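A short write-up of the structure that comes next.
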Amino acid sequence: MKDELFDALKSLNRDEALRITDELLQNNVEPEEILEIGKKAMQYIGERFDIGELFLPELMISGVILGGIAEKLKPFMQGSEPGKKIGVIVFGTVEGDVHDIAKDIVVFMLEVNGFEVIDLGIDVPAEKFVEAVKEHKAKIVGLSGFLTLAIEPMRNTISALKQAELTDVKIMIGGGPINGTVCDDIGADAWGETAMDAATIAKEWAGVIA
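For the sequence shown, the numbering used here assigns the number 14 to the initial residue and increments by one for each residue that follows.
Now the structure itself:
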């Protein structure tokens, strides 16, 4: 059934992907496992986009499908109880990248774990991150990027934050092309593969968990 979901996402079959998601949830498959399937499918689609086999319309359709899956998963995902916010996080998809579904899932996970998230949206220039950090006095910044072309804008954003002397701000990155090597190369403080990784990293930085 999990393989069937992956195939439905690869083939951009929205109705089939949503039907299989419902079945997986009925069979008590964890939402995080379903998200991981979605992530792998998005990576596959992103690779096809990078080499010119798929184009922006297909990329947007895949995002819409994954967004529908995410809506089905939200009621099943555990988070903190409502109350005082742990801290403020500025989050966005970096300049040149218009992918928002993965970002939206991470933002949701951060919110249910007790953070106030300032969501800047997609295609966000470096200076907008700097302005938002100053305005909201955020101590954590999250940079999302689905495509390989997002790596340099991430580097530029980190550089802009440092040039603005926001040296006490922690920066996490994530997305399809991101790994430990990229994280070290562009000067981020941490990277995560999943939405739960982002929440765990943020809580560690906020002193909620050791």
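Every residue, glycine too, gets a C-beta built ideally from N, C-alpha and C. Just so it is clear, the structure is predicted and the values come from calculations on it, not from any experiment.
Item	Value
Look at ILE184 and LEU156 and say whether their C-beta atoms are less than 8 Å apart.	yes
In the DSSP assignment, find the beta strand (DSSP E) that holds ALA287 and state where it starts and stops.	Any answer about residue 287 is impossible in this case: the structure gives the chain only from 14 up to 223.
What's the C-alpha gap between LYS97 and GLU124?	11 Å
Among ALA219, LYS175, ILE222 and ASP210, which residue has its Cα nearest to the Cα of GLU49?	ASP210
Taking contact to mean 3 or more Cβ pairs, one atom from each stretch, closer than 8 Å, check whether the segment 162-181 and the segment 138-145 are in contact.	yes
How should ALA62 be labelled, buried or exposed, when 16 other C-beta atoms within 10 angstroms of its C-beta is the threshold for buried?	Residue identity differs from the one stated: residue 62 is Phe in this sequence, not Ala. That one is buried.
Apart from the five residues on each side of it in sequence, which residues of its chain come closer than 7 Å, Cβ to Cβ, to GLY188?	ALA115, SER157, GLY158, PHE159 and ALA163
How far does the beta strand (DSSP E) with MET185 in it extend, from its first residue to its last?	183-187
Tell me whether PRO138 sits in a helix, a strand or coil according to DSSP, three-state version.	coil
Among ILE58, ARG27, GLY205 and GLY100, which residue has its Cα nearest to the Cα of ALA83?	ARG27
Closest by CA to ILE135, which one among VAL119, GLU129, GLY105 and ILE118?	GLY105
Which residues share a DSSP beta bridge with GLN132?	Here the sequence assigns Asp to residue 132, which means Gln is not the residue at that position. For ASP132, which the question treats as bridged, DSSP gives the partners PHE104.
For SER157, does the three-state DSSP call read helix, strand or coil?	strand
For a test of the three-state rule: what should DSSP assign to LEU67, helix, strand or coil?	coil
DSSP three-state call for LEU179: helix, strand or coil?	coil
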